Amino acid sequence: MAVLRSFLVKDPRKPIVAVITSGTLPVPALLGGGIQTVVYDYAVCNQMQNIIIVSALDGGMPPYELDKNGIGHIRIRNKAFDNFELVWKGHFLVRYSRYIYKACERLLELRPDIVHIHNMPHFVPIVREKLGPDVKIILTDHNTKIAEENYVLRQLPKIMSSLDKVIYPSKRIAEIDLTNNYPHFKEKVSVIYNGVDTALYKKYPEKDMARVRAKYGIKTPKTIIFVGRLVAEKGAAVLLSALPQVLQANPDTSLVVVGSSFFGKGQDTPYVKKLRELAEPIKDKVIFTG
Numbered sequence: 023m024a025v026l027r028s029f030l031v032k033d034p035r036k037p038i039v040a041v042i043t044s045g046t047l048p049v050p051a052l053l054g055g056g057i058q059t060v061v062y063d064y065a066v067c068n069q070m071q072n073i074i075i076v077s078a079l080d081g082g083m084p085p086y087e088l089d090k091n092g093i094g095h096i097r098i099r100n101k102a103f104d105n106f107e108l109v110w111k112g113h114f115l116v117r118y119s120r121y122i123y124k125a126c127e128r129l130l131e132l133r134p135d136i137v138h139i140h141n142m143p144h145f146v147p148i149v150r151e152k153l154g155p156d157v158k159i160i161l162t163d164h165n166t167k168i169a170e171e172n173y174v175l176r177q178l179p180k181i182m183s184s185l186d187k188v189i190y191p192s193k194r195i196a197e198i199d200l201t202n203n204y205p206h207f208k209e210k211v212s213v214i215y216n217g218v219d220t221a222l223y224k225k226y227p228e229k230d231m232a233r234v235r236a237k238y239g240i241k242t243p244k245t246i247i248f249v250g251r252l253v254a255e256k257g258a259a260v261l262l263s264a265l266p267q268v269l270q271a272n273p274d275t276s277l278v279v280v281g282s283s284f285f286g287k288g289q290d291t292p293y294v295k296k297l298r299e300l301a302e303p304i305k306d307k308v309i310f311t312g
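Start counting the sequence shown at 23; every next residue gets the next number (the numbering used here).
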């Protein structure tokens, strides 16, 4: 039982924090993912605890690893065809993901002091049940995962009684997701704004900027750049709908849309087709890079 703990824990004198991601993508974010990027960047900066990250087994990475930055990794295969089970509950079938149960099996060996779950509120009661009353459980909701999911709302009292703290990246998201409708849970809510490492972002050399402009055919002196998945919640359609008004006041402007329907993939979904239709009347001012 102590094998996994001794392999993944860099400094046994420090607390162990297990970070559970949704299991859709691996960490580090070789295949993309905003949460995967944030989780890893924060872990690298943290020297006060042993951070063990649970994520998807993908991208050719090993199932267990203590990486060069001292971050431990537990990666679990989480493909739909081998990770879902149908269970008979009296007179109906329940379909559930085995990912979080597999994660809890590993964490029982690891014996963490804190479990930090990202964007998966329904994982909270399972972790509490499997790991017991002593572990501290934190949930970070990066968006409105409670307010928009009926199956989560049905479990909300159990979720909130099982966790110690829920963190949001803004006060507004906290209000929409939880506190406006359930003010009695406010004492468990904290707001921690997402940080940014300003040392990473510098002005690009002019010759390199010219090369990028030439590659994508950007000819206007002013450029608006959208970077993100091309799905409705990211708002690219709103931006494209507003662009004609922008062009009336600033005709020497173009929009560059960077991204696709999912990480590393470029399928033309109905939403992507809608974006191209919105761009058609002003297509000389809109560039899709993929």
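Here a beta-carbon is modelled for each residue, glycine too, at the ideal position from N, C-alpha and C.
Just so we're clear, the structure is a prediction, and the values are computed from it rather than from any experiment.
Exercise. Using the C-alpha atoms, what's the distance from I195 back to A78?
Worked result: The sequence position of residue 78 within the sequence shown is 56, counting from 1. The sequence position of residue 195 within the sequence shown is 173, counting from 1. Rounded to whole angstroms, A78 to I195 spans 27 Å at the Cα level.
Exercise. Tell me which same chain residues have a C-beta within less than 6 Å of the C-beta of P134, skipping the five on either side of it?
Worked result: Looking up residue 134 in the sequence shown gives position 112. Only I38, A40 meet the Cβ criterion.
Problem set entry | Best match in I98, L265, G257 for proximity to K244 [C-alpha to C-alpha] | On the sequence shown, position 222 is the one that residue 244 refers to. Checking every option, the nearest Cα to that of K244 belongs to L265.
Problem set entry | Run of the beta strand (DSSP E) containing Y190, from where it starts to where it stops | Along the sequence shown, read from residue 1 onward, the residue named residue 190 stands at position 168. Residues 187 to 190.
Exercise. So, T174 versus Y190, is the Cβ gap smaller than 8 Å?
Worked result: Taking the first residue of the sequence shown as 1, we reach residue 174 at position 152. Taking the first residue of the sequence shown as 1, we reach residue 190 at position 168. Per the sequence shown, the amino acid found at residue 174 is Val instead of Thr. With a cutoff of 8 Å on beta-carbon distance, V174 and Y190 are scored as not near each other.
Problem set entry | Whether D163 touches V188 by CB criterion (8 Å) | As a working note, residue 163 is residue 141 in the sequence shown. As a working note, residue 188 is residue 166 in the sequence shown. Judged by beta-carbon spacing, V188 lies within the 8 Å limit of D163, meaning their Cβ atoms are closer than that value.
Exercise. By Cβ distance below 8 Å, which residues in the same chain neighbour V25 in space, the five residues on each side in sequence not counted?
Worked result: Indexing the sequence shown from 1 puts residue 25 at position 3. Excluding positions up to five away in sequence, the list reads E131.
Exercise. Can the beta-carbon of G94 be found closer than 8 Å to that of I122?
Worked result: As a first step, residue 94 must be located in the sequence shown, where it is residue number 72. As a first step, residue 122 must be located in the sequence shown, where it is residue number 100. No, the pair does not count as a contact, with Cβ atoms beyond the cut-off.
Exercise. Between Y215 and the rest of its own chain, which residues show a CB-CB distance below 8 Å, the 5 nearest in sequence each way excluded?
Worked result: One-based indexing of the sequence shown puts residue 215 at position 193. Excluding positions up to five away in sequence, the list reads P191, S192.
Exercise. Nearest-angstrom Cα distance between S28 and G92?
Worked result: Taking the sequence shown and counting its residues from 1, one reaches residue 28 at position 6. Taking the sequence shown and counting its residues from 1, one reaches residue 92 at position 70. Approximately 13 Å between the Cα atoms of the pair.
Exercise. How close, in whole Å, do the beta carbons of D80 and L53 come, if the pair is a contact with beta carbons under 8 Å?
Worked result: The count along the sequence shown starts at 1 and reaches residue 80 at position 58. The count along the sequence shown starts at 1 and reaches residue 53 at position 31. The Cβ separation is near 6 Å, so the contact holds.
Problem set entry | Nearest-angstrom Cα separation, counted from G312 out to D306 | One-based indexing of the sequence shown puts residue 306 at position 284. One-based indexing of the sequence shown puts residue 312 at position 290. Cα to Cα, D306 sits roughly 17 Å from G312.
Exercise. Should the stretch 252 to 263 be called in touch with the stretch 48 to 63, which here means at least 3 C-beta pairs below 8 Å?
Worked result: Contact fails: fewer than three Cβ-Cβ distances are below 8 Å.
Problem set entry | Given K180 as reference, the closest of V213, A232, F145 once Cα atoms are compared | Position 158 of the sequence shown, counted from the first residue, corresponds to residue 180. When C-alpha distances from K180 are compared across V213, A232, F145, the shortest belongs to F145.
Problem set entry | Of the listed residues Q270, L200, A301, nearest to N165 (C-alpha basis) | In the sequence shown, the residue the question calls residue 165 occupies position 143. Minimum Cα distance to N165 is reached at L200.
For this session: Apply the 10 Å Cβ neighbour rule to P385 and answer buried if 16 or more other Cβ atoms are within range, or exposed otherwise.
Result: The first residue shown for the chain is 23 and the last is 312, placing residue 385 beyond what the model contains.
Exercise. On the three-state DSSP scale, how would you describe A232?
Worked result: Numbered from its first residue, the sequence shown carries residue 232 at position 210. Here A232 sits in helix by DSSP.
For this session: Provide the residue(s) that pair with L130 in DSSP beta bridges, ordered along the chain.
Result: As a first step, residue 130 must be located in the sequence shown, where it is residue number 108. BP columns for L130 are empty, so no partner.
Problem set entry | DSSP state of Y86 mapped onto helix, strand, coil | Indexing the sequence shown from 1 puts residue 86 at position 64. Shown here, Y86 sits in a strand according to DSSP, grouped into three states.
Exercise. In three-state terms, what does DSSP make of N72?
Worked result: Along the sequence shown, read from residue 1 onward, the residue named residue 72 stands at position 50. N72 carries a strand assignment under DSSP once its states are collapsed to helix, strand and coil.
For this session: Compare the Cα-Cα distances from M182 to each of P147, G288, V76 and report the closest residue.
Result: For the purposes of this step, residue 182 is taken as residue 160 along the sequence shown, with counting starting at 1. Nearest of P147, G288, V76 to M182, Cα basis: P147.
For this session: Please look up how many angstroms separate the CB atoms of R150 and I159, rounded, as I've assumed it's under 8 Å.
Result: Taking the first residue of the sequence shown as 1, we reach residue 150 at position 128. Taking the first residue of the sequence shown as 1, we reach residue 159 at position 137. Contact holds; Cβ gap of about 6 Å.
Exercise. By a C-beta neighbour count over all protein chains shown, 10 Å radius and 16 as the cutoff for buried, is C126 buried or exposed?
Worked result: One-based indexing of the sequence shown puts residue 126 at position 104. With 16 or more Cβ atoms within 10 Å of its Cβ, C126 is classed as buried.
Exercise. Are the Cβ atoms of Y86 and L30 separated by less than 8 Å?
Worked result: Working through the sequence shown from its first residue, we reach residue 86 at position 64. Working through the sequence shown from its first residue, we reach residue 30 at position 8. Yes, the pair counts as a contact, with Cβ atoms nearer than the cut-off.
For this session: Sort L185, I247, I309, L277 by Cα distance to K208 and report the nearest one.
Result: As a first step, residue 208 is located in the sequence shown; it is residue number 186 there, counting from the start. Answer by Cα proximity: L185.
Problem set entry | First and last residue of the uninterrupted alpha helix (DSSP H) at N79 | Within the sequence shown, residue 79 is the residue found at index 57, counting from 1. Checking the sequence shown, residue 79 turns out to be Leu, not Asn. Careful: L79 lies outside any alpha helix (DSSP H) and carries neither H nor E.
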